[in-house]
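Numbering (my numbering), first residue to last: 66 to 170.
The following block contains the structure:
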């Protein structure tokens, strides 16, 4: 009986250790993914800011087009990378043709 209790305790300890290791591995994976998304969001935000600066050197029609693209770049991904299709629809509500301006759409 004592041997089966020790075996059960050893199995429980092993399972607990495996669960902790799986959780730590998943946490590391999520942290790496979060950092990648943050870097992507920063790049897109920087691109959006650059487009906003260029707007002042353009004609009104070009400025409006670039303003929409800048808002899309910043609005979709934001500072944290948590945007969605809703952001596109809200910005594009003012211009029906802005979907055509998004590369890859």
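C-beta: ideal position from N, C-alpha, C; glycine also.
By the neighbour-count criterion, in which 16 or more other beta carbons inside 10 Å mark a residue as buried, residue 109 falls on the buried side. Burial check for residue 106: the Cβ neighbour count within 10 Å reaches 16 or more, so the residue is buried. If you draw a straight line from the Cα of residue 95 to the Cα of residue 81, it is about 21 Å long. The alpha-carbon of residue 83 is positioned some 45 Å away from that of residue 113.
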